[in-house]
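These notes are about the structure you will find just below.
This is the structure in structure tokens:
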């Protein structure tokens, strides 16, 4: 009879330990699964909305002096960014543009949010239409006066957080 009671107690204790171990391990497995899923979704988003900064230039003449070459009364810095992802990028005017001297750059508002004051940025899709894969976007940062020569930092950030940056000199 003692063996039966001992066996029953060991069986009950074993079952309790199995339940405790399962309850301890299951949340960790779930959390790990969610982390992997989150990483996978982030990688997919990055791949779908990838951008590449192609070139930046300013309205300078051959001597390196500022010239209002397009006659709009402003001094412009141009940056071309290619959509190298696999999806059309929307809400372009919702992007963030950071520009300025390398150690003192600031966020530049889009023209629609600048309240008419400079600097602000505008954009145009080079081939017209939408910013679809392989299309190039020309971003123009407009100033009312020439910038001093030196090294400038530019960062382009899409609404979902993808970004590219570059340091340019003029």
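Numbering (the numbering used here), first residue to last: 3 to 172. Virtual Cβ for every residue (Gly too), placed ideally from N, Cα, C.
With 16 or more neighbouring CB atoms inside 10 Å of its own CB, residue 158 falls in the buried class. Inter-segment contact for the region 145 to 161 and the region 99 to 108 is present: three or more beta-carbon pairs are separated by less than 8 Å. Rounded to the nearest whole angstrom, the CA to CA distance from residue 128 to residue 162 is 22 Å. For residue 108 and residue 121, the gap between their C-alpha atoms comes out near 10 Å. Taking all protein chains in view, the Cβ of residue 144 is crowded by 16 or more other Cβ atoms within 10 Å, so the residue is classified as buried. Here DSSP, grouped into helix, strand and coil, assigns residue 61 to coil. With fewer than 16 neighbouring CB atoms inside 10 Å of its own CB, residue 96 falls in the exposed class. With at least 16 other beta carbons inside 10 angstroms of its own, residue 60 counts as buried. Here residue 166 is near residue 54, since their CB atoms are less than 8 Å apart. Taking each of 146, 111, 58 in turn and checking the Cα distance to residue 170, the smallest one comes out for 58. Residue nearest to residue 164 within the set 73, 116, 94, 6 is 94 (criterion: CA-CA distance). Residue state for residue 78 is assigned as strand, using DSSP reduced to three classes.
One thing to note: residue 86 has its Cβ no nearer than 8 Å to the Cβ of residue 141.
The DSSP-derived three-state label of residue 107 is coil.
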